[in-house]
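Single-structure report; data block below.
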Amino acid sequence: MGNILELVNISKSFDGELILDELNLDVKENTFMTLLGPSGCGKTTTLRIIGGFTTPDEGRVLFEGRDITNLPPNKRQLNTVFQKYALFPHMSVGENIAYGLKISGKSKTYIDDKIKYALKLVNMDGYANRDVSQLSGGQQQRIAIARAIVNEPKVLLLDEPLGALDLKLRQDMQYELIRLKNELGITFIYVTHDQEEALTMSDTVVVMNQGYIQQMGTPESIYNEPENAFVATFIGDSNILSGLMLQDKLVRICGVNFICVDTGFGVNKPVDVVIRPEDVILDEPGMGQLDGVVTHLIFKGVHYEMEVMAGDFEWLVQSTEMHAVGEAVSLRVVPDNIQIMNKPESEDEEAVVIDV
Amino acid sequence: MFKRKSLSLPYILFILCGTVIPLLAILYYAMVDKSGHFTLANLAAIGDPLHLKPLLFSLLLAFICTAICLLLAFPLGLMLRRSGAGKKGFVIFLLILPMWMNFLLRTIAWKILLQKTGVINAILNAVGLKSLEIINTPYAVVLGMVYDFLPFMILPIYNVMIKIDNSLVEAAYDLGASPFRVMKDVLLPLSMPGIISGVTMTFVPSMTSFAISEILGGGNISLIGNIIEGEFLRGGSRNVGSGISMVMMVFILISMALLNKVDKNGEGAVV
Numbered sequence: 004m005g006n007i008l009e010l011v012n013i014s015k016s017f018d019g020e021l022i023l024d025e026l027n028l029d030v031k032e033n034t035f036m037t038l039l040g041p042s043g044c045g046k047t048t049t050l051r052i053i054g055g056f057t058t059p060d061e062g063r064v065l066f067e068g069r070d071i072t073n074l075p076p077n078k079r080q081l082n083t084v085f086q087k088y089a090l091f092p093h094m095s096v097g098e099n100i101a102y103g104l105k106i107s108g109k110s111k112t113y114i115d116d117k118i119k120y121a122l123k124l125v126n127m128d129g130y131a132n133r134d135v136s137q138l139s140g141g142q143q144q145r146i147a148i149a150r151a152i153v154n155e156p157k158v159l160l161l162d163e164p165l166g167a168l169d170l171k172l173r174q175d176m177q178y179e180l181i182r183l184k185n186e187l188g189i190t191f192i193y194v195t196h197d198q199e200e201a202l203t204m205s206d207t208v209v210v211m212n213q214g215y216i217q218q219m220g221t222p223e224s225i226y227n228e229p230e231n232a233f234v235a236t237f238i239g240d241s242n243i244l245s246g247l248m249l250q251d252k253l254v255r256i257c258g259v260n261f262i263c264v265d266t267g268f269g270v271n272k273p274v275d276v277v278i279r280p281e282d283v284i285l286d287e288p289g290m291g292q293l294d295g296v297v298t299h300l301i302f303k304g305v306h307y308e309m310e311v312m313a314g315d316f317e318w319l320v321q322s323t324e325m326h327a328v329g330e331a332v333s334l335r336v337v338p339d340n341i342q343i344m345n346k347p348e349s350e351d352e353e354a355v356v357i358d359v
Numbered sequence: 024m025f026k027r028k029s030l031s032l033p034y035i036l037f038i039l040c041g042t043v044i045p046l047l048a049i050l051y052y053a054m055v056d057k058s059g060h061f062t063l064a065n066l067a068a069i070g071d072p073l074h075l076k077p078l079l080f081s082l083l084l085a086f087i088c089t090a091i092c093l094l095l096a097f098p099l100g101l102m103l104r105r106s107g108a109g110k111k112g113f114v115i116f117l118l119i120l121p122m123w124m125n126f127l128l129r130t131i132a133w134k135i136l137l138q139k140t141g142v143i144n145a146i147l148n149a150v151g152l153k154s155l156e157i158i159n160t161p162y163a164v165v166l167g168m169v170y171d172f173l174p175f176m177i178l179p180i181y182n183v184m185i186k187i188d189n190s191l192v193e194a195a196y197d198l199g200a201s202p203f204r205v206m207k208d209v210l211l212p213l214s215m216p217g218i219i220s221g222v223t224m225t226f227v228p229s230m231t232s233f234a235i236s237e238i239l240g241g242g243n244i245s246l247i248g249n250i251i252e253g254e255f256l257r258g259g260s261r262n263v264g265s266g267i268s269m270v271m272m273v274f275i276l277i278s279m280a281l282l283n284k285v286d287k288n289g290e291g292a293v294v
């Protein structure tokens, strides 16, 4: 699979504030790629640069190897699903979907067929003559998707399309989007600040912060092997501890030596250690690697969430077994679940530039 | 207990004294002759070429004035949509500023400016150009109307246009529309409520105006408003004046109805 889209050294500032700094990103054909990050991280600006709504100050946008940096949005073979749907209020559902096809001069029969096909695809059969204002938020979202995909774009851009929907509907739509992506066989570039959404749907997750790509990889690798503290805290809950890498596969945390699987950090090197709360195993005092006392307990439905004070660190622990506040426990972590990261040498290095 | 209904009393009184009673009085005078007998002659008086010609001429000038205002206001709305908040407010402020002055004064100011020996001609002559001789012609009347009524076209259009969500414009571009098609397919239809209000608020006063035509027309231009004024104030018949007023009101109501038909949702309707 080749790259359908390449961003080369993209920089953009607004009012003197740097939003993107020499961003490089390759998008492989037929992938579901998610740009994930907190608000202001540059993910929406990146999407708008791809869509042609924002011109980068520097750098180039390549589409199938061709430079489209200065091409206006109406000349790009991409379509966008906007955050607030952006359906035309003065047109019916059918007219909305037909708009792009009418502009490209398709025949009436072709357009009618396409409207039917698209409505079926988004499970909205028979809605062609409805007024847009009669639709619920979820239905409007589906029509916005239908309006974009009838034009058979090679890349579909989605700007937080599920942001305004309630939780249940959002989860349903996530599965719908995965199904759509597989049926259409095109590239999706999806922008969200919701890490669960990103992990659920994507083939590739791009974690962004302060205009830099922090890490890029499969959902599993992003979750299990975060490369820095930002990624570790942004994706899911985590315990980030200061540690000392004694040698390959041996790290000292809270005064106790833990066996891990990471190598190549050197000898006696200070490192950051990430341990996911669900990977901490609680046991009787003295049975584990580190003794402690439960200080907080919350019932979360799927599991209990506890805080355990052990070795001068408040450990976040998730377990299906309850331990009451004040109870003495011990902690244990298997080597595979200990993730070692280099300590950032300066504040700036927190935002690492990663060449992909 | 103080009834909420009684709060509306001043308004009801105002409407009664300011609208209903005068209207009924006009209707009564229109339907009777000088001795108080029922007649349709006052309404039929509009058929007299002496009245019909000014009516048609008023329609024509009002139409031209409205068209010019619309052609000026719509592109301005498009431009203001894209400019920053501070700039927008400033431009609108400048456009409204003249409205703070009495409109008769403004019209008289134009008369002085446009005079054969006025300021404009003095400047034109000074740079070697020919004098502008439009005072006391319909051109001057239209100029005065456009100047006086333009803000009434700009404000409703501007108000509707700045509320159009920019993502709709971007969506149209995204779907392949050229800038012209974005304007025609998205911005124009969504501005319709404002355009309808603007057209109404420009067309009706320019149709019925008589002061502007008198001041800038120098007594040569007879619009339907001048005819009615003459009937009432300059030795004409109050009954004929009322009859013509009724006919003109029907004309205005018809044009309102036509306009509201264009504006399906009725959002911009002022009548």
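Line by line, the protein sequences are chains A and B.
Count the first sequence with this note's numbering and you get residues 4 to 359, in order.
Count the second sequence with this note's numbering and you get residues 24 to 294, in order.
Don't be surprised by glycine CBs; every beta carbon is placed ideally from N, CA and C.
| Check | Outcome |
| --- | --- |
| For Gly43/A, the nearest candidate out of Asn212/A, Ile278/A, Met290/A and Asp315/A (CA to CA) | Asn212/A |
| Beta carbon of Pro77/B nearer than 9 Å to that of Ile250/B | yes |
| Among Lys111/A, Val297/A, Asp286/A and Gly97/A, nearest to Ala131/A - alpha-carbon criterion | Gly97/A |
| DSSP state of Glu20/A mapped onto helix, strand, coil | strand |
| Inter-residue CB distance, Met184/B and Cys92/B (contact presumed, cutoff 8 Å) | Between Cys92/B and Met184/B the Cβ distance is about 15 Å, and since that is not below 8 Å, they are no contact. |
| Contiguous beta strand (DSSP E) assignments of at least 3 residues, all confined to the stretch 301-348 of chain A | 307-313, 316-322, 331-335 and 342-345 |
| Candidates Ser260/B, Leu282/B and Met269/B: closest to Ile49/B by CA position | Met269/B |
| Arg182/A to Leu198/B span [Cα, whole Å] | 23 Å |
| Beta strand (DSSP E) segment containing Asn242/A, residue limits | Asn242 to Gln250 |
| Where the alpha helix (DSSP H) containing Asp115/A begins and where it ends | Lys111 to Leu124 |
| Contact with chain A by Leu282/B, beta-carbon distance below 9 Å | no |
| Cβ-based contacts, 7 Å cut-off: residues of the stretch 201-226 of chain B near chain A | Ser201, Arg204, Val209, Pro212 and Leu213 |
| Terminal residues of the alpha helix (DSSP H) in which Val150/B lies | Unbroken run through Val150/B: none, as it is neither H nor E. |
| Extent of the continuous beta strand (DSSP E) to which Met211/A belongs | Thr207 to Asn212 |
| Beta-bridge partners of Leu117/B, as assigned by DSSP | According to DSSP, Leu117/B bridges with nothing at all. |
| Proximal residues, the stretch 28-57 of chain A versus chain B, C-beta separation under 7 Å | Gly54 and Phe56 |
| Within-9 Å CB hit, Ala194/B to chain A | yes |
| Short Cβ contact (9 Å threshold) for Ile238/B with Glu254/B | no |
| For Leu136/B and Leu152/B, the rounded distance between their alpha carbons | 16 Å |
| Opening and closing residue of the beta strand (DSSP E) in which Glu199/A lies | Segment Gln198 to Met204 is the alpha helix (DSSP H) holding Glu199/A; no beta strand (DSSP E) there. |
| Environment of Cys40/B [buried if 16+ CB atoms lie within 10 Å] | exposed |
| Proximal residues, the stretch 81-103 of chain B versus chain A, C-beta separation under 9 Å | none |
| Under 9 Å from the C-beta of Gly109/B: neighbouring residues of chain A | Within 9 Å Cβ-Cβ: nothing; Gly109/B doesn't reach chain A, min ~14 Å. |
| Cβ neighbours of Glu9/A in the same chain (closer than 6 Å, five flanking residues each side left out) | Asp29 and Leu65 |
| Chain-order list of residues whose beta-carbon lies under 7 Å from that of Gly239/A (same chain, five-residue window excluded) | Gln198, Tyr226 and Arg279 |
| Burial state of Ala194/B, where buried means 16 or more other Cβ atoms lie within 10 Å | buried |
| Bridge partner(s) assigned by DSSP for Asp71/B | None; Asp71/B has no bridge partner. |
| Within 9 Å, strictly: CB atoms of Gly68/A and Asn6/A | yes |
| Other residues of its chain near Leu213/B: CB distance less than 6 Å, five sequence neighbours each side excluded | Ile187 |
| Coil, strand or helix - Asp294/A by DSSP | strand |
| Assigned exposure category for Asp351/A - 16 Cβ within 10 Å defines buried | Any reading at Asp351/A needs caution, since the residue's pLDDT is 47, under 50, leaving its predicted position unreliable; the model's value is listed next. Classification of Asp351/A: exposed, given that the 10 Å Cβ count is below 16. |
| Any C-beta of chain A under 9 Å from that of Asp188/B | yes |
| Beta carbon proximity, Arg150/A to chain B, threshold 9 Å | yes |
| Same chain only: Cβ atoms within 7 Å of Ile235/B, ignoring 5 sequence neighbours per side | Thr130, Val164, Gly167, Met168 and Asp171 |
| Completely contained beta strand (DSSP E) runs for the stretch 16-102 of chain A, where each covers 3 or more residues | 20-31, 35-39, 61-66 and 81-84 |
| As assigned by DSSP and simplified to three states, the class of Asp162/A | strand |
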